[in-house]
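Protein chains: 2
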Amino acid sequence: MKHQLFFLGKIKDRFIEEGVGEYASRLQHYTSFTITILKEKGRGRGKQLTAEEQGKLLLQAVPSGAAIVVLDAKGQQFTSEAFSRKIDQWEMQGTKQVCYLIGGPDGHAPKVRSAADLLLSLSKMTFTHDMARLLLIEQLYRAYTIKAGEQYHK
Amino acid sequence: MKHQLFFLGKIKDRFIEEGVGEYASRLQHYTSFTITILKEKGRGRGKQLTAEEQGKLLLQAVPSGAAIVVLDAKGQQFTSEAFSRKIDQWEMQGTKQVCYLIGGPDGHAPKVRSAADLLLSLSKMTFTHDMARLLLIEQLYRAYTIKAGEQYHK
Chain A
17 MKHQLFFLGK
27 IKDRFIEEGV
37 GEYASRLQHY
47 TSFTITILKE
57 KGRGRGKQLT
67 AEEQGKLLLQ
77 AVPSGAAIVV
87 LDAKGQQFTS
97 EAFSRKIDQW
107 EMQGTKQVCY
117 LIGGPDGHAP
127 KVRSAADLLL
137 SLSKMTFTHD
147 MARLLLIEQL
157 YRAYTIKAGE
167 QYHK
Chain B
17 MKHQLFFLGK
27 IKDRFIEEGV
37 GEYASRLQHY
47 TSFTITILKE
57 KGRGRGKQLT
67 AEEQGKLLLQ
77 AVPSGAAIVV
87 LDAKGQQFTS
97 EAFSRKIDQW
107 EMQGTKQVCY
117 LIGGPDGHAP
127 KVRSAADLLL
137 SLSKMTFTHD
147 MARLLLIEQL
157 YRAYTIKAGE
167 QYHK
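Chains as they are written, first to last, in this note's numbering: chain A, 17 to 170; chain B, 17 to 170.
Pasting the structure below:
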């Protein structure tokens, strides 16, 4: 099963970029995954796209048939173990691809939220998108170490 | 009001160290705070201290009269706005110091949990202590930008 992470705009904090790189290199030992950076600004204009325009971009990027996970502070929370079981469940259902959509500063457009198979909340707290990206990839890595029954530091 | 963060052992991930440094430098424009690193290993033996031994160290380090916040996945969750209001509340109650205790891999000893004025959960998910340190300092910074009515990227 392939995990596809869709980010709006490049990572801004250098330390987050390093952290995402670190976990990406660990995660690739366990599963297939890609990170796709979509533009958050309009071409030429340099103007921030609206949540609707960003949503359209995100949904266009998702391959048909993929499970869609939308990150949303008000979504469902999982323990790391439960998230790992959720991945098992997708695999058992024959899901080929899971796409993770992280929104812009104004959150997701209603269209994106309603397209979600799962609204996933990492925390009730608000984080920067950059931090959410790091947390998501760390939890994916953690989920696979849990699946593999491996010891990973807490 | 002063915030005192107590960490068991040094930060292991270099990118987290950078991130903590980044937010520490931003946070100091808003409030007084310190980070204290306590040893997680026994002197000479190089052996990991038990949760009880670590708890004793943590509690000894806390000045009397300080509010004690113990980070615990099963604790109370706050939105970033509610956490900011919690800080306001401490200030209005005349709290001089708030101490944040982050546990070791085996979690906190019962003594530490029962000494807590607040059991704070950042997420239902399990993170590394390093990540919890980064999240905590980022949320402190965010709380102060919320208090100041400032715009800070999400």
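Backbone N, C-alpha and C define an ideal beta-carbon position, used for all residues, glycine too. Predicted model, so just to flag it, every value in this text is computed and none were measured.
- Query: DSSP three-state call for S171 (chain B): helix, strand or coil?
  - Reply: Because chain B here runs from 17 to 170, residue 171 (chain B) falls outside it and cannot be looked at.
- Message: If you measure between the beta carbons of F22 (chain B) and T52 (chain B), is that distance less than 8 Å?
- Response: Yes, the Cβ-Cβ distance between F22 (chain B) and T52 (chain B) is below 8 Å.
- Task: Give every residue of the same chain whose Cβ lies closer than 7 Å to the Cβ of S137 (chain B), excluding the five residues on either side of it in the sequence, and list them in chain order.
- Result: D88, A89, K90, G91, Q92, Q93
- Message: At 4 residues or longer, what runs of the alpha helix (DSSP H) sit wholly inside the stretch 17 to 94 of chain B?
- Response: 30 to 43, 67 to 77
- Task: Could you list which residues in chain A have their beta carbon closer than 8 Å to that of E38 (chain B), in chain order?
- Result: D29, F31
- Task: Output the distance between the C-alpha atoms of V56 (chain B) and T50 (chain B), rounded to the nearest integer angstrom.
- Result: Strictly speaking, residue 56 (chain B) in this sequence is Glu, with Val absent from that position. Each residue's Cα considered, the two are about 18 Å apart.
- Limits of the unbroken alpha helix (DSSP H) element including Y116 (chain B): Segment 113 to 117 is the beta strand (DSSP E) holding Y116 (chain B); no alpha helix (DSSP H) there.
- Minimum C-alpha distance to L54 (chain A) - residue among A:G71, A:Y39, A:R42: A:G71
- Item | Rounded straight-line distance, which links the Cα of M147 (chain B) to that of V3 (chain B) | This structure cannot settle anything about residue 3 (chain B), because the visible part of chain B is limited to 17 through 170.
- Compute the Euclidean distance between the alpha carbons of E33 (chain A) and Q20 (chain A), then round it to the nearest angstrom. 17 Å
- Message: Is the separation between the beta-carbon of Y157 (chain B) and that of L24 (chain B) shorter than 8 Å?
- Response: With respect to L24 (chain B), Y157 (chain B) sits apart: the two C-beta atoms are not nearer than 8 Å.
- Item | the stretch 115 to 132 of chain B touching the stretch 78 to 87 of chain B, judged by at least three CB pairs closer than 8 Å | yes
- Message: Could you pull the DSSP bridge partners for G120 (chain A) from this structure?
- Response: For G120 (chain A), which the question treats as bridged, DSSP gives the partners A:G123.
- Where does the unbroken alpha helix (DSSP H) through Q109 (chain A) begin, and where does it stop? No alpha helix (DSSP H) contains Q109 (chain A), which DSSP labels as neither H nor E.
- Message: Which of the three DSSP states is assigned to F99 (chain A) in this structure?
- Response: helix
- By the criterion of Cβ-Cβ separation under 7 Å, what are the contact partners of Q113 (chain B) in chain A? Per Cβ cutoff of 7 Å: no residues; Q113 (chain B) is ~23 Å from chain A at best.
- Message: Against E34 (chain A), what residues of chain B qualify as contacts under a CB-to-CB distance less than 7 Å, listed in chain order?
- Response: F31
- Task: Give every residue of the same chain whose Cβ lies closer than 7 Å to the Cβ of K102 (chain A), excluding the five residues on either side of it in the sequence, and list them in chain order.
- Result: F94
- Classify Q167 (chain A) as helix, strand or coil using the three-state DSSP reduction. It is coil, neither helix nor strand.
- Query: How would you call M108 (chain A), buried or exposed, if buried means at least 16 neighbouring beta carbons within 10 angstroms?
  - Reply: exposed
- Message: Quick check: is the beta carbon of T66 (chain B) nearer than 8 Å to any beta carbon in chain A?
- Response: no
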